[in-house]
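Colleague: Heads up, the working numbering is the position in the sequence shown plus 4, with the first residue counted as 1.
Even glycine gets a Cβ: it sits at the ideal position worked out from N, Cα and C.
I have a structure here, written as structure tokens, and I will follow up with some questions on it.
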Amino acid sequence: MDIIFHYPPELLGLLIQALPSLCRTKRDLLLFFQGAGVDRHLITPYETLLNQNRDAFKKHIVSRELLTQLNEMGEPSLRERRELLKRVVEFQDFSVCWEKDQAIARGLVSQVRDLVNAKDAFTRMNIEREQERKQRLTNEARKSEALRKKREELDEIKRSLFSLFGESNPYKRGKAIERVLNSYFKASGISVSEAITLTSEAGTGVIEQIDGVVQIRGQRYLVEVKWEQETLGRHKLSSHLVRVFSRGFTGGIFISYSDYSAAAVGDCKEALRDKVIVLCRIDEFVRALEQEIDLEKLLDAKIDKAIIDKNPYFVPTF
């Protein structure tokens, strides 16, 4: 039972009326307070009054004065006030009351219970509301922190990608762009596998190299990345198309620094009869990073265009 530190006026009024009805004798009233743990120094003046001038001892007046004193003490008397309230709420044997007071006592105890239940329900509601508020703030803080970390991660990816434009060594640049793009896929929430190298069973050397594998909308796509100055012709894409067609339930994503020839785009368009093939430019990824465009949204739009319109080289604008 958690009904704030001070009795509210309506509860205090009910208790002042209830205690004289519940306690058959004047001595019983003092014992009721004493049993609730009320300090002896508060009760002693009324014991003296009862012993010296019984007629001057009025149960309603004593109840009012003792309850008011306890209420005004605030937190130091919290335990005693709670115990008094608990005893009233849990009172069951009204046969100990004067017969003329029994109905009154029942009614007053019932009112106290209703008020306490209402206050408790209100308190619980406020507690639940506060817990919900704290949970909401915690969730918002987590989301904010996750966004901050993602933004920092994307900023680092952007710096790494931009630095490659000044790299003169083609081999270093080629390896670095694979790592950067794989990091970009991961940061964008796209499942990605690092570069895969297949060797012959006889151990004679590498027979197949895959730059990466991503999963978008439940579909796996083999990824090939090229950073060359000249327009990519069909011969540059053919090996990747072969890798895609040699595997079931896979599509292909080709990412190039330079443009694609009309013949290369035509071959990919023909391949769309059997496989989902998507052609990308590195500058699309640069623009997505600069404009904070969601990478998965960008690729979704390109994949939809490839499937529905048989256009493997669609460049969406957001």
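Consider the C-beta atom of residue 144 and the heavy atoms of the ligand HEM; say whether any pair is separated by less than 7 Å.
Modeller: Judged by which ligands are present, the structure shown has none, so any question about the ligand HEM falls away.
Colleague: Assign residue 316 to one of two classes, buried (16 or more other C-beta atoms within 10 Å of its C-beta) or exposed (fewer than that).
Modeller: Buried, because 16 or more other Cβ atoms sit within 10 Å of the Cβ of residue 316.
Colleague: Looking at the structure shown, is residue 115 part of a helix, part of a strand, or coil, going by DSSP?
Modeller: Residue 115 falls in the helix class under three-state DSSP.
Colleague: Of the choices 143, 149, 113, whose alpha-carbon is the least far from that of residue 25?
Modeller: Nearest C-alpha to residue 25: 113.
Colleague: Have a look at residue 247 and residue 263 and give me their C-alpha separation to the nearest angstrom.
Modeller: Using only the alpha carbons, I get a separation of about 21 Å.
Colleague: What did DSSP end up calling residue 8 once you bin it into helix, strand or coil?
Modeller: With a pLDDT of 46 at residue 8, under the threshold of 50, the modelled position of this residue cannot be trusted, and the question is left open.
Colleague: Quick check on residue 250: does DSSP put it in helix, strand or coil?
Modeller: Coil at residue 250, not helix or strand.
Colleague: Which residues mark the beginning and the end of the beta strand (DSSP E) in which residue 225 is found?
Modeller: First-last of the beta strand (DSSP E) with residue 225: 223-230.
Colleague: Give me the Cα-Cα distance between residue 111 and residue 78, rounded to the nearest whole angstrom.
Modeller: Distance between the alpha carbons of residue 111 and residue 78 is about 28 Å.
Colleague: Output needed for residue 33: all residues of its chain with C-beta closer than 8 Å, excluding positions within five of it in sequence on either side, in chain order.
Modeller: Around residue 33: 23, 24, 27, 63, 66, 67.
Colleague: Please report the straight-line C-alpha distance between residue 37 and residue 144, rounded to a whole angstrom.
Modeller: Residue 37 and residue 144: Cα-Cα distance of roughly 50 Å.
Colleague: Please confirm whether residue 116 and residue 18 have their CB atoms less than 8 Å apart.
Modeller: Yes, Cβ-Cβ distance for residue 116 and residue 18 is below 8 Å.
Colleague: Leaving out five residues on either side along the sequence, give the residues of the same chain with a beta carbon under 7 Å from the beta carbon of residue 273.
Modeller: Excluding positions up to five away in sequence, the list reads 314, 316.
Colleague: Between the beta-carbon of residue 194 and the beta-carbon of residue 214, is there less than 8 Å?
Modeller: It is not a contact, given that the beta carbons lie outside the stated cut-off.
Colleague: Have a look at the DSSP bridge pairing and note the partners of residue 219.
Modeller: Its beta-bridge partners are 195, 224.
Colleague: Does the distance from the C-beta atom of residue 161 to that of residue 229 stay below 8 Å?
Modeller: No, Cβ-Cβ distance for residue 161 and residue 229 is not below 8 Å.
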